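Below: one structure, written as structure tokens.
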């Protein structure tokens, strides 16, 4: 198995753990964006929706999730913090967008190389 495929597989195992944890905490989770084409990344970058042209979405090692509480979409960093901390506790390569400096991206979870 190649290095990237192994990273993608490990990433998805951790995503499944994250979803199970968040669900047990009372969240309803729906899927957002996992893979992103270079063309879509360029659109996001030029519009300011992303701050990089080297997103981990391009490698299929990042996912944006939708968090619902009582039927309402929640992007509040403090409300989702426990889930973000759990994500980072799963391994040293896991980073939560809620802890990014400058451009905070609460629904974003990634695995770095």
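In full-length UniProt numbering, the protein residues as written are 1 to 113.
We put the CB at the ideal spot given by N, CA and C, even for glycine.
All figures in this text were calculated on a predicted structure; none of them were measured in a lab.
The beta carbon of residue 10 is closer than 6 Å to none in its chain, skipping five residues each way along the sequence. With contacts defined as CB atoms closer than 8 Å, residue 5 and residue 56 fail to qualify as a contacting pair. Taking all protein chains shown into account, residue 110 has 16 or more neighbouring C-beta atoms within 10 Å of its C-beta and is therefore buried. Taking 4 residues as the shortest admissible run, the region 19-50 contains the following complete alpha helix (DSSP H) segments, listed from N- to C-terminal end: 38-47. The count of Cβ pairs closer than 8 Å, one atom from the region 84-97 and one from the region 31-42, stays below three, leaving the stretches out of contact. Annotated three-state conformation of residue 83 is helix, per DSSP. Going by C-alpha positions, residue 85 is about 8 Å away from residue 96.
The beta carbons of residue 32 and residue 80 sit no closer together than 8 Å.
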